[in-house]
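In the numbering used here, the protein residues as written are 38 to 171.
Glycine is no exception: its CB is placed at the ideal position from the N, C-alpha and C atoms.
Every value quoted in this text rests on a predicted model; they were computed, and no experiment measured them.
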(Lines of atoms letter the chains of each structure in order from A and count residues from 1; the text may use other names and numbers.)
(Lines give C-alpha, C1' and ligand atoms only; values in the text may rest on other atoms or scores of the structure.)
Protein backbone atom coordinates (compact mmCIF):
# COMPACT_ATOMS: atom_id res chain seq x y z
CA UNK A 1 0.00 0.00 0.00
CA UNK A 2 1.36 3.27 -1.06
CA UNK A 3 0.90 6.17 1.40
CA UNK A 4 0.76 9.53 -0.22
CA UNK A 5 1.88 12.55 1.54
CA UNK A 6 -0.58 15.34 1.68
CA UNK A 7 0.44 18.30 -0.34
CA UNK A 8 1.13 21.32 1.62
CA UNK A 9 0.51 24.70 0.07
CA UNK A 10 2.90 27.55 0.13
CA UNK A 11 2.88 29.85 3.10
CA UNK A 12 0.34 32.63 2.85
CA UNK A 13 1.89 35.89 1.77
CA UNK A 14 1.28 38.84 4.09
CA UNK A 15 1.28 42.15 2.31
CA UNK A 16 2.89 44.71 4.57
CA UNK A 17 2.88 47.69 2.24
CA UNK A 18 0.03 49.45 4.02
CA UNK A 19 1.18 48.42 7.50
CA UNK A 20 3.61 51.34 7.76
CA UNK A 21 0.80 53.78 6.86
CA UNK A 22 -1.45 52.33 9.55
CA UNK A 23 1.32 52.51 12.14
CA UNK A 24 2.03 56.14 11.20
CA UNK A 25 -1.62 57.13 11.64
CA UNK A 26 -1.84 55.31 14.98
CA UNK A 27 1.29 57.06 16.20
CA UNK A 28 -0.06 60.41 15.08
CA UNK A 29 -3.41 59.73 16.75
CA UNK A 30 -1.81 58.84 20.09
CA UNK A 31 0.50 61.86 19.99
CA UNK A 32 -2.43 64.20 19.46
CA UNK A 33 -4.53 62.54 22.15
CA UNK A 34 -1.66 62.58 24.66
CA UNK A 35 -1.34 66.37 24.39
CA UNK A 36 -5.01 66.78 25.28
CA UNK A 37 -4.81 64.74 28.47
CA UNK A 38 -4.81 66.77 31.68
CA UNK A 39 -1.66 65.81 33.62
CA UNK A 40 -3.05 66.72 37.05
CA UNK A 41 -5.87 64.27 37.48
CA UNK A 42 -5.69 64.06 41.26
CA UNK A 43 -8.28 66.35 42.79
CA UNK A 44 -7.71 67.37 46.38
CA UNK A 45 -9.49 69.58 48.84
CA UNK A 46 -6.69 71.55 50.43
CA UNK A 47 -6.92 72.77 54.02
CA UNK A 48 -7.30 76.50 54.65
CA UNK A 49 -5.29 78.77 56.90
CA UNK A 50 -5.63 82.38 57.86
CA UNK A 51 -1.87 82.96 57.60
CA UNK A 52 -1.43 82.11 53.93
CA UNK A 53 -0.14 84.83 51.63
CA UNK A 54 -2.68 86.47 49.43
CA UNK A 55 -2.33 86.18 45.69
CA UNK A 56 -0.70 89.25 44.19
CA UNK A 57 -3.01 91.37 42.11
CA UNK A 58 -2.15 93.03 38.84
CA UNK A 59 -2.72 96.76 38.69
CA UNK A 60 -2.31 98.91 35.59
CA UNK A 61 -1.57 102.62 35.69
CA UNK A 62 -2.06 104.68 32.53
CA UNK A 63 0.32 107.60 31.99
CA UNK A 64 -0.32 109.72 28.92
CA UNK A 65 1.84 112.47 27.44
CA UNK A 66 0.18 114.85 24.97
CA UNK A 67 1.91 116.75 22.18
CA UNK A 68 1.99 119.93 24.33
CA UNK A 69 3.78 117.93 27.10
CA UNK A 70 0.81 117.63 29.45
CA UNK A 71 0.99 114.54 31.66
CA UNK A 72 -2.07 112.51 32.65
CA UNK A 73 -2.14 109.90 35.40
CA UNK A 74 -5.16 107.62 34.83
CA UNK A 75 -6.84 110.41 32.79
CA UNK A 76 -6.23 113.05 35.51
CA UNK A 77 -3.82 115.94 34.83
CA UNK A 78 -0.60 115.74 36.82
CA UNK A 79 2.78 117.47 36.73
CA UNK A 80 5.94 115.56 35.87
CA UNK A 81 7.34 116.09 39.38
CA UNK A 82 4.31 114.40 40.98
CA UNK A 83 4.46 111.19 38.92
CA UNK A 84 7.16 109.52 41.01
CA UNK A 85 5.38 110.24 44.30
CA UNK A 86 2.06 108.96 42.88
CA UNK A 87 3.70 105.72 41.73
CA UNK A 88 5.46 105.38 45.10
CA UNK A 89 2.12 105.69 46.91
CA UNK A 90 0.66 102.96 44.66
CA UNK A 91 3.53 100.66 45.67
CA UNK A 92 2.77 100.85 49.41
CA UNK A 93 0.64 97.72 49.09
CA UNK A 94 3.24 94.96 48.66
CA UNK A 95 0.75 92.48 47.25
CA UNK A 96 0.21 94.44 44.03
CA UNK A 97 2.22 93.98 40.84
CA UNK A 98 2.21 97.40 39.25
CA UNK A 99 2.43 97.92 35.48
CA UNK A 100 2.65 101.37 33.91
CA UNK A 101 1.14 101.68 30.44
CA UNK A 102 2.81 104.68 28.83
CA UNK A 103 0.96 106.39 26.00
CA UNK A 104 2.96 109.16 24.35
CA UNK A 105 2.18 111.33 21.35
CA UNK A 106 4.46 110.53 18.42
CA UNK A 107 5.58 114.16 18.05
CA UNK A 108 7.10 114.63 21.53
CA UNK A 109 10.84 114.35 22.18
CA UNK A 110 12.06 110.90 23.13
CA UNK A 111 13.64 112.25 26.31
CA UNK A 112 10.22 112.76 27.89
CA UNK A 113 9.39 109.09 27.35
CA UNK A 114 12.79 107.98 28.67
CA UNK A 115 12.25 110.07 31.81
CA UNK A 116 9.06 108.14 32.62
CA UNK A 117 10.79 104.82 31.91
CA UNK A 118 13.62 105.92 34.21
CA UNK A 119 11.15 106.58 37.03
CA UNK A 120 9.71 103.10 36.47
CA UNK A 121 13.18 101.54 36.60
CA UNK A 122 14.01 103.43 39.77
CA UNK A 123 10.86 102.15 41.49
CA UNK A 124 11.23 98.64 39.95
CA UNK A 125 7.92 98.95 38.10
CA UNK A 126 7.27 97.38 34.71
CA UNK A 127 6.72 100.09 32.06
CA UNK A 128 5.08 99.22 28.76
CA UNK A 129 4.99 101.63 25.85
CA UNK A 130 1.64 101.59 24.10
CA UNK A 131 1.34 102.00 20.33
CA UNK A 132 -1.47 101.93 17.80
CA UNK A 133 -1.58 99.35 15.04
CA UNK A 134 -1.91 100.79 11.54
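Sequence-distant residues of its chain with Cβ nearer than 6 Å to residue i (five each side left out)
i	result
residue 98	137
residue 165	138
Same chain, Cβ closer than 8 Å to residue i, neighbours up to 5 away in sequence not counted
i	result
residue 108	100, 101, 102, 114, 115, 116, 117 and 120
residue 142	102, 103 and 104
residue 127	96, 98, 133 and 135
residue 54	none
Rounded C-alpha distance that separates residue i from residue j
i	j	result
residue 73	residue 66	11 Å
residue 149	residue 158	15 Å
residue 58	residue 151	60 Å
residue 154	residue 162	9 Å
residue 112	residue 147	21 Å
residue 104	residue 140	11 Å
residue 122	residue 85	38 Å
residue 106	residue 69	55 Å
residue 51	residue 60	16 Å
residue 49	residue 56	16 Å
residue 64	residue 129	55 Å
residue 71	residue 110	49 Å
residue 62	residue 40	52 Å
Inter-residue CB distance, residue i and residue j (contact presumed, cutoff 8 Å)
i	j	result
residue 135	residue 96	5 Å
residue 145	residue 124	Incorrect: roughly 20 Å between the Cβ atoms, too far for contact.
Beta-bridge pairing of residue i - partner residues as DSSP gives them
i	result
residue 95	134
residue 52	Answer is none; residue 52 lacks a bridge partner.
residue 101	109 and 140
residue 114	109
residue 164	137
Sequence-distant residues of the same chain with beta carbon closer than 7 Å to residue i, five excluded per side
i	result
residue 167	138, 139 and 140
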